[in-house]
Structures are given as C-alpha cells and as structure tokens.
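Encoded as structure tokens, the structure appears first; notes follow it.
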Amino acid sequence: MSRINELKKQNPFLTIDGIDIINNLVVKSKYTEMLVNLIKNDRMKEHDNNNRRNDYVYELREYGYDEEVLKNMDTAELMKLTLFMGHYIGYNNFRMFKEFVDLNERNLINQNDITKYKTFRDIELQISLSELKNMDKELSKQTHKLYEDNEWLVIKPMSYQASLKYGASTKWCTASRDNSDYYLKYSRRGILIYCVNKITGDKVGAFKSLDEYEKETSFWDIIDQRIDSMESGLPIVVMDVIKKEFKEQVKSNFELLSDEERNRQLMELEGRYLKSSEEQIPTDEQAIRPIERRLRNVARLIPMRARNIEETVTEQLTENINYEINPETINELRRLVNGESQDEYPNQAG
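Per our numbering, residue 51 is the first one in the sequence shown, and the count goes up by one each step.
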C-alpha cells in the first residue's frame, strides 16, 4: 500500500464522498438519487456561470494550481476544490506551509524533523526563527534597535521591507505581504515596535498613537489578537524599554526618516503597487487616471525638490507598465512639490 493510500485509510474525514453523505441523511436510495439530481440540475446552475467559474479559477490559482489544468475542470470540480482548500487549509496557512517547505529544503529550518509539528503555529514559530537567523545585514539597518539580549530583540521597523522581515510569520496587518497601506498608516500615526523572542520565535507588537484625536496604546500577539501588556509574556526589562520609548519619543516612525528616505520608500511602494496590478490594468487612458492620482498623492506627502520629478515618476511607470505618463500630470507634480497649494496639502506625511 502506498503512503498516500495509507493516509487516506488513516484519515477518512478527508476522503469525502458526497453521495454517501446524502444517503446517510435520507436513508432510501431512491431519495438519494432524487436529491443528487436536484443538486445537479438546480443548485449547480447557480455556480455554473462564467463569473463564478472565473472566481474559482482565480482563487485556486492563488494556491499555485496550474491555470491550464483548472480550465479543463468542470465548475463542480472547481467548486469542491475551492471549498476544500478554503475550509480545511486556508490561503494564509497554505502560503506559510509552502514557505516552510522551501526553507526546510534549503536546510534553513532548525527543527527539521517534520513529525514534530502538530499545529500551523509550530510552523509559524520556526519560520520566524529562520527569518531572524538569516536576516539580511542591509535590511537590519532599516530598523532602530531599542534593546537586545540573549533572548529578546526589540526594534522599530523603519521600512515596509523591515516590517515584513521582522514581522514574518505573524498575522499583523503591518507585516502583510499583500498590502503595505497598514504599515504606512501605523508608522505615520505613531510608534511601532516589534519584540522578537530569539529562542522560541514568538513575537509581540506594541503601538502608541501620537495622534491627539485618535489615542491608542496597544499590544498584539503573534496571531494579531489584541492583548493586555501583562499577558504578553515580555520580561520587565523589555517592558521598561517600551515604556521609555512611548514616554519620551514625540515623533512617529515615519517622521524620524529623512525626507529623501521617505520619498524613496513611497516611490518603492508605488512601484510595488503598479507591478502587482499590472495584469489588471488596461492600457487605455481611463485606466491610468487612478495611477496618476496616486502619484499626485505621493507628491503631496513628501517634498522632492532635490529630485528630477519627470525622470523619477516616468521611471516608476515605464518600469512597471510601459506607460508614458501624461505631461499634464508631470506639471501638476512639479507644481505640488515646489510648494504651491501648500495650504491645501501640507508638505508633510500623515
């Protein structure tokens, strides 16, 4: 018996037979057949349309399924596969699992006895330790280190890339690979701190808002549940470091950056946005307008007087979508960053 057949025998809950499920409910085979036909001729019609089918294909493609294979499957198969992957595994867990496999195959995981892992949380912690051990030295410069001993590392992420690395394997929105907006929001609003246990891989996030109209001091565990600081497991010495920073620091993470560094990061993130959206962006002028509006927002946030505006912005666009930006937009950007209309758009981030 192959290992896969053994797994099927040992885990019958994962070998689902819809007809058996129906027959157990209605008992008589004639009613089983009737209900199967009702499902096939009525319920399945709700799913057998191009929009729903395309949704299934798109979602399964995110798991790594080959699109050509998916196109050859009927809608019922696509629906069952989508429901199975979503309910039993989940996209984030699957992506994390694939990352673990990649790291383990490259001998970058400390605990390489895979029989020891019982939960996805176990995998998260090992990925966290691996990321910390293999941290790029250049990336470590994109942080403000507040404290470090044999067990704990306490840093302030000063870039989105640093937030991704030091927040790896957490569920924190500020470390989301799919959306940089949350990191920017929190880094502008206040003081963002990551505490990393170098032994277990556990992590705690701490945040204090400096916005007088939106006050907040909060602590978050590795799965993004808000917790009381007393429940965080942080030692007294680490808590004292956080308290001191919250008490004495009057500038947000983002405000501590130089104008040049703020501008560099925003243009980098803009490039990431355009690149990730490339497949969905038509080349017609109407579709490009939202991109030009986003670039105007970048100009309003950060002074770029030292940069060549036309070269910088055009480079960002042509690199990602082969689009030559409208000259009117260049003029608008130049006008904004040279200090005009400052009353309406203050020359600062946040």
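Every residue, glycine too, gets a C-beta built ideally from N, C-alpha and C.
- Shown here for CYS223: same chain residues with a beta carbon closer than 6 angstroms to its own, the five before and five after excluded, namely TYR232 in chain order.
- Residue pairing from DSSP places PRO207 in a beta bridge opposite THR193.
- Per DSSP, ASN154 is not a residue of any beta strand (DSSP E); the alpha helix (DSSP H) it occupies stretches across 141 to 155.
- Assignment of THR267 by DSSP, reduced to helix, strand and coil, places it in the strand class.
- Going by C-alpha positions, ILE292 is about 58 angstroms away from ILE69.
- Per DSSP, the beta bridge partners of GLU198 are LEU203.
- ALA218 is a Cβ neighbour of ALA225, given a cutoff of 8 angstroms.
- Under the three-state reduction of DSSP output, SER180 falls in the helix class.
- Less than 8 angstroms separates the beta-carbon of ARG238 from that of SER302.
- Counting only the Cα atoms, TYR210 lies some 53 angstroms from ASN87.
- Taking a C-beta distance under 8 angstroms as the contact criterion, THR220 and ILE272 qualify as a contact pair.
- For ALA126, no beta strand (DSSP E) encloses it; the enclosing alpha helix (DSSP H) starts and ends at 125 to 134.
- In this structure SER79 is exposed. Its beta-carbon is surrounded by fewer than 16 other beta-carbon atoms within 10 angstroms.
- Two segments are said to touch when three or more pairs of C-beta atoms, one from each, lie closer than 8 angstroms; by this definition the region 240 to 258 touches the region 165 to 184.
- For TYR113, the secondary structure class from DSSP, reduced to helix, strand or coil, is coil.
- Listed in chain order, the non-local C-beta contacts of GLU149 below 8 angstroms within the same chain comprise ILE177, local neighbours out to five positions each way being set aside.
- Taking the C-beta atoms as reference points, VAL254 is found nearer than 8 angstroms to LEU284.
- Excluding sequence positions up to five before and after THR65, its CB lies within less than 6 angstroms of the CB of LYS58, all in the same chain and listed in chain order.
- DSSP, reduced to helix, strand and coil, places SER226 outside both helices and strands of the structure shown, so it counts as coil.
- The Cβ atoms of THR132 and ARG103 lie no closer than 8 angstroms to each other.
- For ASN247, the beta-bridge partners assigned by DSSP are TRP202.
- Our two residues, LEU307 and ARG314, have alpha carbons roughly 10 angstroms apart in a direct line.
- CA-to-CA, the gap between ILE72 and ILE54 works out to about 26 angstroms.
- ILE286 and LEU203 have their C-alpha atoms roughly 14 angstroms apart.
- Note on geometry: alpha-carbon atoms of THR250 and PHE170 lie some 15 angstroms from one another.
- In the displayed model, LEU306 falls within a helix according to three-state DSSP.
- As the crow flies, the alpha-carbon of LYS166 is around 42 angstroms from that of LEU316.
- PHE63 is the residue among THR267, TRP270, LYS258, PHE63 whose C-alpha sits nearest the C-alpha of TYR138.
- For LYS294, the closest of GLU174, LYS121, ALA256 by C-alpha to C-alpha distance is ALA256.
- Around the C-beta of TYR216, 16 or more other C-beta atoms lie within 10 Å, and the residue is accordingly described as buried.
- In the structure shown, VAL107 falls within a helical segment according to DSSP collapsed to helix, strand and coil.
- Only exposed fits ARG156, as fewer than 16 other CB atoms lie within 10 angstroms of its CB.
- One Cα belongs to ASP274, the other to ASP152, and the distance between them is close to 25 angstroms.
- Per DSSP, PHE257 lies in no alpha helix (DSSP H) segment; the continuous beta strand (DSSP E) that holds it begins and ends at 253 to 259.
- LEU196 and ASP105 have their alpha carbons spaced roughly 46 angstroms apart.
- For TYR113, the closest alpha carbon among the candidates GLU198, PHE304, GLY140, ASP67 is that of GLY140.
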